[in-house]
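Chains as they are written, first to last, in this note's numbering: chain A, 777 to 1011; chain B, 777 to 1011.
The beta-carbon is built from N, C-alpha and C at its ideal position, and this holds for glycine as well.
Predicted, not measured: the structure shown is a model, and the values here were computed from it.
As structure tokens, the structure follows; a few thoughts come after it.
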DNA sequence: CGATTACATATTGCATGTAATTTTATCGCC
DNA sequence: GGCGATAAAATTACATGCAATATGTAATCG
């Protein structure tokens, strides 16, 4: 294999090679240049990035730990494949974590947080109106990012970020990402109002309902997808 | 330093050295032979375990990912010190995760799960009656372990296990572990009944209340501790 | 005498060597 | 042509080498 899947341009030899290898590989996975099932070869990446195998090995270990890859003894690591059932259990987790984030964010909410969310919502509104799916995804992630930052619980943030990465991988594997944009927008509106309202318990429930609905729509989409495949098979 | 803090007896040279080093070091931390603040020296551990530095380095990285140690560039890793505020935020997380575990366990609960919990409760009851704090801690952990196993969500289990490790470290750093044994026992009773009752939402709330009360008692204990110290200073 | 600098020592971070194991390629055979 | 055994190549897991950096200590200076 002579074609490079990793972008070595951002690597500067000399300091923090593990971090840099980690970012490059992670980016390759999340952008699907490394699809689920792809092998993460230590010597291959070391060649591509023009660094030694040690930092690459460490970077891959980190990726594994984040749940983006899994390895078996003496056979190396591959990008994880996340099925629908696993995706559901990820959303089970996400539901309670986003709920907690909303609750804590409501406790801590000052005007800047609310402003950030309002700004996000406006941009999100425009994106949805013009049917820009990519930007919708981006702003949706940013919305939840604001809330978890406002929550001020580092472990919570890490866990949510980790789930987000796995969700991104699963999305390609199983279900399409379009659809439900309007609903998401409306639910974000409700959540912003709840946070402004100042009752942590209410905000938590609104956030949880939001994620629950995402999970359900995911389930439906997967069923539809399945049905679609069945139909094609029947042809 | 010639005294060994790690127990190398369980290491067999030849396969899976990273896992073995990881377990030994983790055990040393959780058993407090390596107190918070202790340095985790790669060459020192390699000497003690009589293996090379590579697997030791990897094992320590894993310990870091788990939140049991933290490292700064070119200065190596030290066992984390977890203050009261951080412990509180750990319990915030734990609250919603144990709630989720109880909810999922209730969905999945068969007679064996309930039986396990009942058996645990009996043993726990005996331990509390005889004032055995160590055994109380052990059975308390086992109780929650049964529930999260029954929940059948791997990521959830990992997250809870990780928090449990950090809680163990924090307990020494900040607050005593005795106290609240009777309350814990009573609340476990309520939770078992809720799981048997079969309503997932109820079980979730009971579990969350249980953890919330633990967090609050923790807070109180810390305050009392603080007060105690102040009084001694006044003498 | 305390603070600062220079040096010695130890450790981290990365590079590379090597045996064991797995994967891939080659071959003979049906 | 397809299939199984064998050999070659590549990869993993671990060991070790080495330069850069940090820590501790002694010498120097104000």
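Sequence-distant residues of its chain with Cβ nearer than 7 Å to residue i (five each side left out)
i: residue 926/A; result: 881, 884, 885, 889
i: residue 783/B; result: 800
i: residue 790/A; result: Below a pLDDT of 50, predicted positions are generally treated as unreliable, and residue 790/A, at 39, falls in that range; no measurement from the model is reported.
i: residue 974/B; result: 882
i: residue 781/B; result: 804, 809, 810
i: residue 840/A; result: 846, 847, 853
i: residue 976/A; result: 879, 882, 883
i: residue 778/A; result: Bear in mind that the predicted position of residue 778/A carries a pLDDT of just 36, short of 50, making it too unreliable to give a figure here.
Contacts around residue i, its chain only, beta-carbon distance under 6 Å, and the 5 residues preceding and following it disregarded
i: residue 833/B; result: 818
i: residue 933/A; result: 924
i: residue 867/B; result: 991
i: residue 980/A; result: 875, 878, 879
i: residue 966/A; result: 982
i: residue 795/A; result: none
i: residue 978/B; result: 970
Of the residues the options, the one placed nearest residue i, counting alpha carbons only
i: residue 961/A; options: 901/A, 799/A, 843/A; result: 901/A
i: residue 989/B; options: 877/B, 864/B, 908/B, 904/B; result: 864/B
i: residue 1018/A; options: 808/A, 905/A, 796/A; result: This structure cannot speak to residue 1018/A, because chain A is shown only from 777 to 1011.
i: residue 891/A; options: 873/A, 869/A, 919/A, 913/A; result: 919/A
i: residue 903/B; options: 894/B, 893/B, 915/B; result: 915/B
i: residue 862/B; options: 940/A, 811/A, 963/A, 930/A; result: 930/A
i: residue 917/B; options: 812/B, 829/B, 940/B; result: 940/B
i: residue 851/B; options: 806/B, 947/B, 965/B, 813/B; result: 813/B
i: residue 805/A; options: 948/A, 849/A, 830/A; result: 948/A
i: residue 870/B; options: 994/B, 995/B, 987/B, 993/B; result: 987/B
i: residue 994/B; options: 921/B, 802/B, 887/B, 860/B; result: 860/B
i: residue 935/A; options: 842/A, 831/A, 802/A; result: 842/A
Cβ-heavy atom distance, residue i to the ligand GTP, below 7 Å
i: residue 865/A; result: No copy of the ligand GTP occurs in the structure displayed, which carries no ligand at all.
Bridge-paired residues (DSSP) for residue i
i: residue 848/B; result: 852/B
i: residue 816/A; result: 853/A
Cβ shell of residue i (< 8 Å), same chain only, five flanking positions each side left out
i: residue 912/A; result: 900, 903, 904, 957, 960
i: residue 872/A; result: 984
i: residue 1099/A; result: Nothing can be reported for residue 1099/A: it is not among the residues displayed for chain A, which extend from 777 to 1011.
i: residue 972/A; result: 885, 890
i: residue 829/A; result: 818, 819, 822
i: residue 963/A; result: 982, 985, 986, 989
i: residue 770/A; result: Since the first residue shown for chain A is 777 and the last is 1011, residue 770/A is missing from the structure and cannot be characterised.
Whole-angstrom C-beta distance between residue j and residue i, which should lie under 8 Å
i: residue 721/A; j: residue 797/A; result: Residue 721/A is absent from the structure shown; chain A starts at 777 and stops at 1011.
i: residue 816/B; j: residue 855/B; result: 7 Å
i: residue 844/A; j: residue 942/A; result: 7 Å
i: residue 837/A; j: residue 837/B; result: 6 Å
- Query: Listed from N- to C-terminal order along the chain, which residues in the stretch 854–885 of chain A have their beta-carbon within a distance smaller than 9 Å of any beta-carbon of chain B?
  - Reply: Here the close residues are 862, 865, 866, 868, 869, 871, 872, 873, 875, 876, 879, 880.
- Using a Cβ-Cβ cut-off of less than 9 Å, list which residues of the stretch 816–846 of chain A approach chain B; keep chain order. 830, 833, 834, 837, 838, 841, 842, 843
- Message: So if I threshold CB-CB distances at 7 Å, which residues from the stretch 927–950 of chain A count as touching chain B?
- Response: 929, 931, 932, 935
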